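Chains as they are written, first to last, in my numbering: chain A, 8 to 121; chain B, 8 to 121.
Beta carbons: idealized from backbone N, C-alpha and C, even for Gly.
The structure presented is a predicted model; accordingly, all values stated were derived computationally and were not measured.
First the structure, in the form of structure tokens, and then the observations on it.
2 protein chains.
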Amino acid sequence: MGGAGNQERSELLKGTLDMLILKTLTVQPLHGYAIAQQIHELSDNVLTVEQGSLYPALQRLQKKGWVTSRWSESPTGRRARYYTITASGRRQLGQEISSFDRVLLAIHRVMEGA
Amino acid sequence: MGGAGNQERSELLKGTLDMLILKTLTVQPLHGYAIAQQIHELSDNVLTVEQGSLYPALQRLQKKGWVTSRWSESPTGRRARYYTITASGRRQLGQEISSFDRVLLAIHRVMEGA
DNA sequence: CCTTATATGTAGGACTCCTACATATGATAG
DNA sequence: CTATCATATGTAGGAGTCCTACATATAAGG
């Protein structure tokens, strides 16, 4: 990612990275670098996925069968590993969204003093 | 907490525990066990703070000067360590809430495909 | 030719959370 | 009286995720 220094850390909301990645892949297969760009841009530059988080995460997702990958060529003419979400991955995404919403509502209740 | 097994893990939203604890202390000083009960009940039993997360978290908060503590007696007549939020802790809470909201909005944008 | 953007990956460490254990007391059931 | 449960605090050890920093490689542009 270009220079710009200190965006918000997604560290605040750990455990959401897999969900974000899977979501970007529901539209079309993408390579890692493009996934990170998508998340950065869609979030208005608030979320930055570091390489050291991105590639291990993709390996994790593939290991769990939620994505598959193949080497291909990016629009820039460089080799790139394209990831495709699987049916299992879509189910997982659905569950993560439910869980996320549930916990979010719960946190909201605590923060509002119920 | 009584037997009941598998509530939602706050692991999904790591880094929010400090915020939740500080929030419960804005109303009145509480001891650790009561803080966990508050979070559990206010969240409609969705969030469960385990002992192994609770007490280290309280030590962390105290180390950072966001809470102070003193031994006292709980309503049940047992000794308990009561925690009070400091001015610095209230500032910290405000910042964590801002950050949380900002990241949440960003995640929402990504999940909606913007 | 040098720098920048694109592109993938690993190594090592920090941090937070979890499970499991250890300890102690007041209340309640048998 | 004694066993168990709820209350109450704490530690030890480990799993998992994320970060910083490094290593590598190529295409494009100045």
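Selection T33/B, K21/B, M26/B evaluated against T93/B yields T33/B as nearest (Cα-Cα). Here K21/B carries a strand assignment [DSSP, helix/strand/coil]. When 8 angstroms is used as the limit between beta carbons, A113/B is near these residues of chain A: E15, S50, D51, V53, L54, in chain order. Of the other Cβ atoms in all chains shown, 16 or more fall within 10 Å of the Cβ of K30/B; this residue is therefore buried. For S95/A, the uninterrupted alpha helix (DSSP H) run begins and ends at 94 to 118, by DSSP. With at least 16 other beta carbons inside 10 angstroms of its own, E103/A counts as buried. Beta-bridge pairing by DSSP links E80/A to R86/A. At a beta-carbon threshold of 9 angstroms, the residues of chain A lying near L27/B are I114, V117, M118, ordered along the chain.
Closest in C-alpha terms to G39/B, from the list L111/B, Q66/B, L49/B, comes Q66/B. With the rule of 3 Cβ pairs closer than 8 angstroms, the stretch 82 to 96 of chain B counts as touching the stretch 35 to 50 of chain B. Comparing C-alpha distances from S95/A to each of G72/A, S76/A, S50/A shows the shortest one belongs to G72/A.
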